[in-house]
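If you're matching positions, the sequence shown starts at 0 in numbering that gives the first Met the number 0 and goes up one per residue. In this text, a Cβ means the ideal position worked out from N, Cα and C, and glycines have one as well. Written below as structure tokens is the structure these notes are about.
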Amino acid sequence: MTKTLTIRRPDDWHLHLRDGAMLRAVLPETTAHFARAIIMPNLFPPVVTFAQAQDYHARILAALPEGAEFTPLMALYLTEDTDPDDVAAAHASGLVHAVKLYPAGATTNSASGVANFDTIRAVLERMAEIGLPLCVHGEVTDDDIDIFDREAVFIDRVLDPIRQATPGLRVVMEHITTRNAVDYATAQDDTLGATITTHHLVINRNHILAGGIKPHYYCLPVAKREEHRLALRAAATSGDARFFLGTDSAPHTDANKLLPCGCAGCFTATNTMSILAHVFEEEQALERLEGFASLNGPAFYRLPVNETRLTLTKTPATFPSHIETEDGPVTVFDPGFVPNWTVV
Ligand code: NCD
Ligand code: ZN
Numbered sequence: 000m001t002k003t004l005t006i007r008r009p010d011d012w013h014l015h016l017r018d019g020a021m022l023r024a025v026l027p028e029t030t031a032h033f034a035r036a037i038i039m040p041n042l043f044p045p046v047v048t049f050a051q052a053q054d055y056h057a058r059i060l061a062a063l064p065e066g067a068e069f070t071p072l073m074a075l076y077l078t079e080d081t082d083p084d085d086v087a088a089a090h091a092s093g094l095v096h097a098v099k100l101y102p103a104g105a106t107t108n109s110a111s112g113v114a115n116f117d118t119i120r121a122v123l124e125r126m127a128e129i130g131l132p133l134c135v136h137g138e139v140t141d142d143d144i145d146i147f148d149r150e151a152v153f154i155d156r157v158l159d160p161i162r163q164a165t166p167g168l169r170v171v172m173e174h175i176t177t178r179n180a181v182d183y184a185t186a187q188d189d190t191l192g193a194t195i196t197t198h199h200l201v202i203n204r205n206h207i208l209a210g211g212i213k214p215h216y217y218c219l220p221v222a223k224r225e226e227h228r229l230a231l232r233a234a235a236t237s238g239d240a241r242f243f244l245g246t247d248s249a250p251h252t253d254a255n256k257l258l259p260c261g262c263a264g265c266f267t268a269t270n271t272m273s274i275l276a277h278v279f280e281e282e283q284a285l286e287r288l289e290g291f292a293s294l295n296g297p298a299f300y301r302l303p304v305n306e307t308r309l310t311l312t313k314t315p316a317t318f319p320s321h322i323e324t325e326d327g328p329v330t331v332f333d334p335g336f337v338p339n340w341t342v343v
């Protein structure tokens, strides 16, 4: 008999849906498997205010495929001018579940992010008071810091000082990519959580750079050495509730990926659950997939777990190499192996 695995329906705690034609094309890929997602606000222009989040929320609902049951959990883009009262009102409405901190210049559409961290003190204090999580893109942007060291340096220079200065602030270290981040997260209390992407469990920096440059594996934070990938796999499959799934599925058209200065992002919404089941089975931790994908995230965000279920069967998964959008094709992340599990 074919082996099956049934888990509570997963959520994606870090997702890029974009807008317009791209939103319409990628949203069904997520709603096919996921019940909820934290929607990243790095549109152009960014989703800064509660009013902008309401509008974006309405556009996502309007783009939902027929019959889809999916709840977008909105996040506000933190700027140096963000108003603490607006953030509090957004949170109180039940629509906004996080505020996202992008260091200015760290990644796609982060130009309006924060350069001077002293300017966001009042917002962070209000967030600590009301229990609203801060999602952090944890990379410094200094030219003199090597891109492979930017996460580790951020933890020491920015993240830890912010947390020390704002007791009680609930923080999610987004898309962690290093053993340093795993070690830091593991040593903290329950005000700290960390998301891990699917692709960072699969690729290391050789996948991007060895044997020819592979733009479709280029994302931020950039994948690191193999020892870091192994630390991420150990953390994700450990059962430690601090670690949960945030795919960081980040669609860009092939035309925008394959440029002299190509965009950062891996598009994994389509095959994430198959790849994760494969990885967790390899790590002999299939029974912990539900914790990582469906339980730990809701616990951190203080939301109920989903009542519906997702079932996978142990059959080799097949996926399209890309999805079509009105803006052009978007390549689906290629894990380099055929995942052993298929979502039914
Ligand atoms: C993201 C995007 O394209 O918006 N890209 C990425 O490589 N992850 C931005 C981000 O999350 O850093
Ligand atoms: Zn992201």
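Asked: Bridge partners for D333 per DSSP, in chain order?; Found: Bridge partners of D333: none, in fact.
Asked: Is any heavy atom in the ligand ZN found nearer than 8 Å to the beta carbon of A249?; Found: yes
Asked: Where does I6 sit, in a helix, a strand or coil, going by DSSP?; Found: strand
Asked: Would you mind giving the Cβ-Cβ distance between P328 and M21, rounded to the nearest angstrom? I have them listed as a contact below 8 Å.; Found: Between M21 and P328 the Cβ distance is about 12 Å, and since that is not below 8 Å, they are no contact.
Asked: Do you know offhand how far E128's Cα is from T48's?; Found: 19 Å
Asked: To the nearest angstrom, how far is the alpha carbon of D326 from that of T271?; Found: 23 Å
Asked: Taking DSSP as the reference, what is the three-state secondary structure of A74?; Found: strand
Asked: If you measure between the beta carbons of V152 and I161, is that distance less than 9 Å?; Found: no
Asked: Does DSSP classify S273 as helix, strand or coil?; Found: helix
Asked: Is H32 near the ligand NCD - that is, is its Cβ less than 8 Å away from at least one heavy atom of it?; Found: no
Asked: Go through the segment 187 to 223 residue by residue and report every complete run of the beta strand (DSSP E) that reaches 3 residues or more, in order.; Found: 191 to 195
Asked: Hey, would you say the C-beta of T185 is under 8 Å away from at least one heavy atom of the ligand ZN?; Found: no
Asked: Is A105 helix, strand or coil when you go by DSSP?; Found: coil
Asked: With 16 other CB atoms within 10 Å as the buried threshold, where does A74 fall?; Found: buried
Asked: Could you give the residue range of the alpha helix (DSSP H) that holds R162?; Found: 159 to 164
Asked: Are the CB atoms of H174 and H206 nearer to each other than 9 Å?; Found: no
Asked: Whether or not the segment 277 to 290 and the segment 2 to 9 are in contact is what I'm after, with contact meaning three or more pairs of Cβ atoms, one per stretch, closer than 8 Å; do they touch?; Found: yes
Asked: For P166, count neighbouring C-beta atoms within 10 Å of its own C-beta (all shown protein chains included) and say buried if the count is 16 or more, exposed if not.; Found: exposed
Asked: Classify S248: buried if its beta carbon has 16 or more other beta carbons within 10 angstroms, exposed otherwise.; Found: buried
Asked: In this structure, does DSSP put V278 in helix, strand or coil?; Found: helix
Asked: Between which two residues does the beta strand (DSSP E) harbouring M172 extend?; Found: 170 to 172
Asked: Which one or two residues does DSSP pair with T310 in a beta bridge?; Found: T5
Asked: Report all residues from its chain with a CB closer than 6 Å to the CB of G112; omit the five preceding and five following residues, and keep chain order.; Found: Y101, P102, A103
Asked: Within its chain, find whatever has a CB closer than 6 Å to the CB of V343; leave out the 5 residues flanking it on each side and keep chain order.; Found: T310, T312
Asked: Measuring CB to CB, does T177 end up less than 9 Å from R241?; Found: no
Asked: Using the Cβ count rule (16 or more neighbours within 10 Å means buried), how would you classify E68?; Found: exposed
Asked: Would you call the segment 216 to 231 and the segment 293 to 302 touching, i.e. three or more CB-CB distances under 8 Å?; Found: no
Asked: Can you look up D18 in the DSSP assignment and give me helix, strand or coil?; Found: coil
Asked: Let's test the definition: count the other Cβ atoms within 10 Å of the Cβ of A234 and tell me whether it reaches 16, buried, or not, exposed.; Found: buried
Asked: For the beta strand (DSSP E) holding R287, just list the boundary residues, first then last.; Found: Note, R287: premise wrong, no beta strand (DSSP E); not H, not E.
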